[in-house]
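Heads up: the sequence shown is residues 0 to 204, going by numbering that gives the first Met the number 0.
Cβ coordinates follow ideal geometry from the N, Cα and C atoms, glycine included.
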Amino acid sequence: MIVRARIVAHGGYMQELIEKIQTEGEHVGGGIVKVDSFLNHQVDPGLTQRMARELCVRLRQQGIKQISRVLTAEVSGIPVALEVAGQFAAKLIYARKSQSRLMTGTYYVAETISRTRGTATDLMVDRRFLGPDDQVLIIDDFLATGSTLSALARLVGESGASLHAIGCVIEKPAEGGREVLLDLHVPVVTLAKILFQDGGLAVCP
């Protein structure tokens with residue numbers, strides 16, 4: 000049974016996003032929050048552009064300046080990652096989760112565990128598109144367990160490229176993903192945090 004979340008907004012600079020989660024977010028159980036009406040199924044282009052701009056502001060405040068590649072995983076991270084890549088005049092790479100007959104080259108491969116499906120998935124990036132001279136920014140829709148972001152970071156490491164920072168739209172601190180990423184020693188920036196408390200959800204900057 001899907002229950003619309005009771006969410007309390009605490010304010011913050013990205014108030015538009017917080018209110019969007021407040022009005023359209025659904026807690027479907029097991030710590031899964033459904034935001035497919037504006038972020039990862041149906042996409043709000045204007046909001047996506049504004050989220051990307053705010054991510055870029057916060058990343059630049061962390062000293063991130065020169066980026067040659069923005070890396071994400073298909074498919075939910077692509078819209079905001081594309082906008083961020085445009086802001087940095089960088090190329091976007093999205094790691095593939097399935098192999099087609101068109102994928103005939105050699106690939107960097109890293110395994111991740113899907114938070115929503117609970118299954119192992121390989122992320123793949125063509126070796127032609129990522130190399131030692133690249134400065135990389137990882138962007139995704141959610142920071143939850145950190146499994147996908149860690150896998151993307153391993154792809155960067157395998158390529159010899161430099162990882163400069165990680166940016167995500169929504170963070171779920173209860174799942175410990177930020178702690179998982181500490182060993183990467185890079186800034187981790189998010190726009191909104193979802194907290195599970197008092198039988199509902201709270202959303203804060």
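Query                                                                                                                        : Result
Inter-stretch contact (C-beta, 8 Å, three-pair minimum) for the stretch 153-164 and the stretch 132-140                      : yes
C-alpha distance - Val7 paired with Ala201, whole-angstrom precision                                                         : Below a pLDDT of 50, predicted positions are generally treated as unreliable, and Val7, at 39, falls in that range; the measurement from the model is reported next regardless. Approximately 5 Å, taken between the alpha carbons.
8 Å contact criterion, which Leu122 and Lys96 should meet: CB distance rounded                                               : 6 Å
Coil, strand or helix - Val7 by DSSP                                                                                         : Because Val7 sits at a pLDDT of 39, beneath the cut-off of 50, its placement in the model cannot be relied upon, and the following sentence gives the value as read from the coordinates. Val7 falls in the strand class under three-state DSSP.
Exposed unless 16 or more other CB atoms sit within 10 angstroms - verdict on Ile31                                          : exposed
As assigned by DSSP and simplified to three states, the class of Gln60                                                       : helix
Reduced DSSP secondary structure (H/G/I, E/B, other) of Ala94                                                                : strand
CA-to-CA distance, Ala51 to Lys90, given in whole angstroms                                                                  : 15 Å
Pairwise C-alpha distance: Arg126 and Gln196                                                                                 : 44 Å
Proximal residues to Ser75 (C-beta, below 6 Å), its chain only, five neighbours per side dropped                             : Asn39, Asp140
Chain-order list of residues whose beta-carbon lies under 6 Å from that of Glu171 (same chain, five-residue window excluded) : Just to set this straight, residue 171 is Lys in the shown sequence, not Glu. The residues are Ala143, Ile193.
Boundaries (first-last residue) of the alpha helix (DSSP H) holding Lys192                                                   : It is not in any alpha helix (DSSP H) - Lys192 instead sits in the beta strand (DSSP E) that spans 187-196.
Environment of Ala94 [buried if 16+ CB atoms lie within 10 Å]                                                                : buried
Classification of Gly175 by the beta-carbon crowding that lies within 10 angstroms, buried from 16 upward                    : exposed
Exposure of Ala283, with buried meaning 16 or more beta-carbon neighbours within 10 Å                                        : With the chain covering only 0 through 204, there is no way to say anything about residue 283.
Residues bridged to Ile169 (per DSSP)                                                                                        : Phe141, Ala191
Proximity of Ile137 and Leu70 at Cβ, strictly below 8 Å                                                                      : yes
Close-in-space but distant-in-sequence residues of the same chain around Ser36 (CB under 6 Å, 5 per side omitted)            : Glu23
Beta carbon proximity, Leu181 to chain B, threshold 8 Å                                                                      : The structure shown has no chain B; it contains just one protein chain.
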